[in-house]
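Scroll down for the structure; my scribbles are underneath it.
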Amino acid sequence: MEDKLADIYNVQKFKEFGIELIDLIADHLKNSYDNKVKVSHWVTPEEQLAYWKNYKLDSNTPQQLFKDIIDRSIHIHNPRYIGHQISPTVPLAALSQLVSAILNNGMAVYEMGAAGTAIEKVVIDKIAEKIGYDSNADGFVTSGGSLANLTALLAAKKVMSTSDVSNDSLAVMVSSEAHYSIEKALKIMGLSNESIINVPVNDAFNMQTDLLEEYYNKAHLEGKKVIAVVGSAPSTSTGMYDNLQELAKFCNAKKIWFHVDAAHGGAAIFSSEYKHLLRGLSNADSVTIDGHKMLMTSSAMSFLIFKEKQNSYAAFMQKAQYLWEKEQEEDWYDLAKRTFECTKSMMCIQFYSILKFYGEDVFGQFVTRLYHLAEIFSEKIKFRNDFELLIQPNSNIVCFRYKLKTLSESKLNRLNGEIRECLLHNGDFYIVQTTLNNSVYLRVTFMNPKTDEKIMDELLSEIQRIAKLFDKK
Ligand SMILES: *Cc1c(COP(=O)(O)O)cnc(C)c1O
Numbered sequence: 342m343e344d345k346l347a348d349i350y351n352v353q354k355f356k357e358f359g360i361e362l363i364d365l366i367a368d369h370l371k372n373s374y375d376n377k378v379k380v381s382h383w384v385t386p387e388e389q390l391a392y393w394k395n396y397k398l399d400s401n402t403p404q405q406l407f408k409d410i411i412d413r414s415i416h417i418h419n420p421r422y423i424g425h426q427i428s429p430t431v432p433l434a435a436l437s438q439l440v441s442a443i444l445n446n447g448m449a450v451y452e453m454g455a456a457g458t459a460i461e462k463v464v465i466d467k468i469a470e471k472i473g474y475d476s477n478a479d480g481f482v483t484s485g486g487s488l489a490n491l492t493a494l495l496a497a498k499k500v501m502s503t504s505d506v507s508n509d510s511l512a513v514m515v516s517s518e519a520h521y522s523i524e525k526a527l528k529i530m531g532l533s534n535e536s537i538i539n540v541p542v543n544d545a546f547n548m549q550t551d552l553l554e555e556y557y558n559k560a561h562l563e564g565k566k567v568i569a570v571v572g573s574a575p576s577t578s579t580g581m582y583d584n585l586q587e588l589a590k591f592c593n594a595k596k597i598w599f600h601v602d603a604a605h606g607g608a609a610i611f612s613s614e615y616k617h618l619l620r621g622l623s624n625a626d627s628v629t630i631d632g633h634k635m636l637m638t639s640s641a642m643s644f645l646i647f648k649e650k651q652n653s654y655a656a657f658m659q660k661a662q663y664l665w666e667k668e669q670e671e672d673w674y675d676l677a678k679r680t681f682e683c684t685k686s687m688m689c690i691q692f693y694s695i696l697k698f699y700g701e702d703v704f705g706q707f708v709t710r711l712y713h714l715a716e717i718f719s720e721k722i723k724f725r726n727d728f729e730l731l732i733q734p735n736s737n738i739v740c741f742r743y744k745l746k747t748l749s750e751s752k753l754n755r756l757n758g759e760i761r762e763c764l765l766h767n768g769d770f771y772i773v774q775t776t777l778n779n780s781v782y783l784r785v786t787f788m789n790p791k792t793d794e795k796i797m798d799e800l801l802s803e804i805q806r807i808a809k810l811f812d813k814k
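Going by my numbering, the sequence shown opens with residue 342, and the numbers climb by one from there.
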């Protein structure tokens, strides 16, 4: 064997690198928690590209490389990160991924991932139970919410289409505020723009359930067969939960598929204080819940759970056999029959390790804490007369803007856009923005339980400071 090949598998070296790397990561976490380093160091994409193209290692340990990668990345564990919806990974869950990476069990068939396959079944059963499904439910873990939504909609199509309906005439009803992964999935499935029926939202940014009948009938008159309704729990921009009970009732009456995209807020099934937001979820035919959003795992890992076990096989079944062979017990253990992935990493051990070491209460505590933070923050916004709250939050997502009565709408849009850009370039905080009803809003998502009131006050003061600079221009 070549020396180099022997070298890369050298166990002693792995141990030395590993210890150094864990030290490095621990320092990174500590620095992030204590805000010793900024949330992010902004450089342009071109500068970043040039840096890595010309990068040279000046030592023969990987520590320098990993340190440089950390330094040039955004730091989700910093409590001043209040931006996009992604968890500060539980360190134990990250370690479980090192085990998964080394084992590299493919998990397509049972024998290529025996432990992982059984663990996946245990965690699926846990999530199904918390949704309120009975023992008929089943599902799997897949690589992200977008893929979970696509798989759910493929299953809906397989189950709901009858041979006399052409692909061209299938339609799906979805909130105009739904995540764009839904539209992407439907486009992949060959649905046209006209077949993606966007139901408008009300003032609370929920799908207007009283319009469902009208939109359904209109589609029917146009020769379309509506096969499914997709609810958002919550929608991404505003964090508002659709009325799942009403949507379930409608789908039940029409005998059509009800999918809930609970990628972000499905984790509230663990929170006794907030699980009421998901009332009706147990009537859904399929539910997407992301682990990396609010179940504290690294990305991307998502749960896709079906109320009826046999539907979890539908998406990738070559023929519609399952329709006639429902009695035939499907294997629970050869997972690739059901997932888009063939080779799939042991994502499930992240959730399982948190569950086993810390207990399921920790998931509820996480969601409850983050939703509380949003309530506290929105009170602060209401209290200050140079800020405006879009709407009382329903989750950990809050939309607001800096507002002076003397400024026109177009100036306010420019001002808030500049505030967000300035924050991004300064790197002390990370928040995002969204456009709603033609107005630019600043948008925060509380993802870190370590974020506190002091940080909120500092953020608002920083926004005021930036706004004053803009005023002088
Ligand atoms: C994040 C999100 C998705 C997409 O999930 P990924 O894991 O990023 O692919 C879909 N729907 C909603 C509501 C989301 O919040």
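We put the CB at the ideal spot given by N, CA and C, even for glycine.
Computed from a predicted model, the values in this text were never measured in an experiment.
With a cut-off of 7 Å, the C-beta of Asp409 is classified as distant from ligand 1, since no heavy atom of the ligand falls inside that distance. Straight-line spacing of the CA atoms in Leu748 and Asn779 works out to 16 Å. With contact defined as three or more Cβ pairs closer than 8 Å, the segment 687-694 and the segment 594-601 are not in contact. According to the DSSP secondary-structure assignment, Lys697 is paired through a beta bridge with no residue.
At least one heavy atom of ligand 1 is found less than 7 Å from the C-beta of His605. For His520, the shortest separation between its Cβ and any heavy atom of ligand 1 lies below 7 Å. Using a cutoff of 7 Å, the CB of Gly486 counts as near ligand 1, since one of the ligand's heavy atoms is closer than that.
Take the alpha-carbon of Gln389 and the one of Gly424: they are about 21 Å apart. As DSSP reads the structure, Phe741 sits in a beta bridge with Leu730 and Leu783. Gln774 has Leu783 as its beta-bridge partners, per DSSP. Here the alpha carbons of Lys650 and Lys462 stand approximately 12 Å from one another. Sequence-distant partners of Tyr654 (beyond 5 residues in either direction) whose C-beta falls short of 8 Å from its own C-beta, in its chain, are Tyr663, Glu671, Lys678 and Arg679. For Thr629, the secondary structure class from DSSP, reduced to helix, strand or coil, is strand. Per DSSP, Ser487 is one residue of the alpha helix (DSSP H) stretching across Gly486 to Met501. One thing to note: Val773 has its Cβ no nearer than 8 Å to the Cβ of Arg755. The DSSP-derived three-state label of Lys566 is strand. In the structure shown, the three-state DSSP call for Trp673 is coil. Per DSSP, the unbroken alpha helix (DSSP H) holding Asp364 starts and ends at Val352 to Tyr374. Here Leu765 has Ser381, Trp383 and Tyr771 as same chain residues with Cβ atoms under 8 Å from its own Cβ, once five neighbours each way along the sequence are excluded. At a Cβ-Cβ threshold of 8 Å, Met658 and Val482 do not count as neighbours. DSSP, reduced to helix, strand and coil, places Tyr582 outside both helices and strands of the structure shown, so it counts as coil. A direct Cα-Cα distance of roughly 48 Å separates Leu645 from Leu810.
Counting along the chain, the unbroken alpha helix (DSSP H) around Thr709 starts and ends at Asp702 to Phe724. From the listed residues Val464, Asp375 and Lys590, the smallest Cα separation to Ile417 is found for Asp375. Contact between the segment 605-622 and the segment 403-414 is absent, with fewer than three C-beta pairs closer than 8 Å. For Asn754, no beta strand (DSSP E) encloses it; the enclosing alpha helix (DSSP H) starts and ends at Glu750 to Asn767. By the C-beta density criterion, Met342 is exposed, having fewer than 16 other C-beta atoms within 10 angstroms. At the C-beta level, Pro429 and Gly580 stay beyond 8 Å of one another.
From the listed residues Leu365, Gly454, Asn351 and Met514, the smallest Cα separation to Lys565 is found for Met514. DSSP lists Ala569 as the bridge partner or partners of Trp598. Burial of Val567 is indicated by the presence of at least 16 other C-beta atoms within 10 angstroms of its C-beta.
Shortest gap from the CB of Gln426 to any heavy atom of ligand 1: under 7 Å. Taking 8 Å as the upper bound for CB-CB distance, Ile630 and Ile523 are not in contact here, some 15 Å apart. In this model, Ser400 and Ile349 are separated by some 16 Å (Cα to Cα). Judged by the Cβ position, Ser643 qualifies as a neighbour of ligand 1 at the 7 Å threshold, a heavy atom of the ligand being closer than this. DSSP links Phe481 through a beta bridge to Leu645.
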